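Quick note: to get the numbering used here, add 31 to the position in the sequence shown (first position is 1). Only one structure is covered here, and it is reproduced in the block below.
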Amino acid sequence: MVIFARMLDEFIRYLESERRYSPLTVRNYRRDIEAFMEWLGADDATFDPRRIAAEDIREWIVHLSDQGRLCAASINREVSSVRSLFRWLLRTGAVERDVAQFVGSLRTSKRLPAFVPESRMAGIVGVCKCDTEDFLAERNALIVLLFYACGLRLAELVAVDRDDFSEDFASLRICGKGDKQRMVPVLESLREKILYYLGLIERQNICNSSEKALFLTHKGKRISRTTVYRVVCEALGQGGVQGKKSPHVLRHTFATHLLNGGADMREIQELLGHASLQATQVYTHNSIARLREVYAKAHPREKEGK
């Protein structure tokens with residue numbers, strides 16, 4: 032008999048040590064699997080993974096769908112967590128076959144990534160470039176600029192240390208998903224802003240401890256994800272951005288503007304830290320949408336309303 036709590040703890044250690052997933056991802060996996068097992072009514076006394084069938088997982092999907100609480104993409108993510116668990120169980124010999132591999136995913140609508148138009152982003156960047164002696168204002172401006180200029184994920188930006196930059200601050204080493212490292216270039220204008228910000232930290236004695244983080248609170252501690260999210264939302268809102276506002280919108284904006292400017296898809300993939308080109312190709316849809324908009328405004332037959 033397999034003890035569920037012990038099995039889950041071992042699986043989580045596998046995700047942390049071998050797969051090197053982020054703490055947030057690991058937390059989601061644990062939550063998804065615990066929710067599935069709770070729905071099954073499994074406990075430490077009765078749990079036997081060999082008795083779980085593909086039909087059980089399908090019924091769980093139907094249950095989640097009927098609740099109407101989660102969208103198809105969110106349900107698919109929870110099912111993906113269960114699939115990962117069963118692959119691991121098969122690998123460790125706890126089950127003889129992987130029943131989760133026979134369970135399909137729900138069909139999801141293809142949504143284009145939200146991004147900020149170049150004209151709107153130019154205004155936001157213009158505001159962020161203004162130098163002040165206000166530490167928080169400078170920090171917040173640099174957060175927006177770094178997201179837009181380097182295409183970072185939220186967790187990646189929060190984790191940036193001052194010694195992750197090259198000696199001349201012309202490039203930045205990023206530790207992405209699965210501890211995969213990549214180098215991203217730092218534009219000259221961004222480099223100047225970073226140096227100004229670091230000088231401000233020194234002049235105002237913001238950090239006089241061993242803290243290496245680039246982005247700090249006014250007390251000299253590493254900034255939180257929640258604070259960064261709020262900073263970006265406020266900056267985009269003040270810049271007149273309508274609809275979705277988040278750090279990931281700036282990452283999408285970075286990729287879309289590069290593609291519109293003629294950058295190669297493989298180069299964008301490398302800058303974003305995508306494991307496969309397929310994940311990057313979604314931005315081609317935004318370029319097509321932009322072309323349609325230009326076409327509608329410029330083509331003489333469209334102007335005539337025909």
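All residues carry an ideal CB built from backbone N, CA and C; glycine is no exception. Values in this document were obtained by computation on a predicted structure and should not be read as measured data.
Three or more beta-carbon pairs under 8 Å between the region 225-240 and the region 277-285, yes or no?
no
Touching or not, the region 36-52 and the region 191-201, by the rule of three or more beta carbon pairs under 8 Å?
no
Give me the DSSP bridge partner(s) of phenylalanine 196.
Leu203
Using the C-alpha atoms, what's the distance from proline 278 back to leucine 185?
6 Å
According to DSSP, simplified to helix, strand and coil, what is glutamine 132?
helix
If you drop the 5 nearest sequence neighbours on each side, which residues of the same chain put their C-beta closer than 8 Å to that of isoleucine 43?
Val57, Tyr60 and Arg61
Euclidean distance between Cα positions of lysine 337 and phenylalanine 146:
Reliability of the predicted coordinates at lysine 337 is poor, the pLDDT of 44 falling under 50, and no value is obtained from them.
Beta-carbon proximity list for glutamate 233, same chain, < 7 Å, skipping 5 on both sides:
none
Compute the Euclidean distance between the alpha carbons of glycine 124 and serine 115, then round it to the nearest angstrom.
14 Å
Three-way DSSP call (helix, strand, coil) for alanine 84 in this model:
coil
Considering only C-alpha positions, which residue in the set Pro148, Phe78, Ser150 and Leu221 is nearest to arginine 170?
Leu221
With distances taken from CA atoms, which of Leu46, Glu127, Ala201 and Arg51 is nearest glutamine 212?
Arg51
Can you tell me which of Ala153, Gln269 and Cys238 puts its alpha carbon nearest to the alpha carbon of isoleucine 254?
Cys238
If you check the beta carbons only, do alanine 20 and cysteine 159 fall under 8 Å apart?
Any question about residue 20 goes unanswered here, given that the chain covers just 32 to 337.
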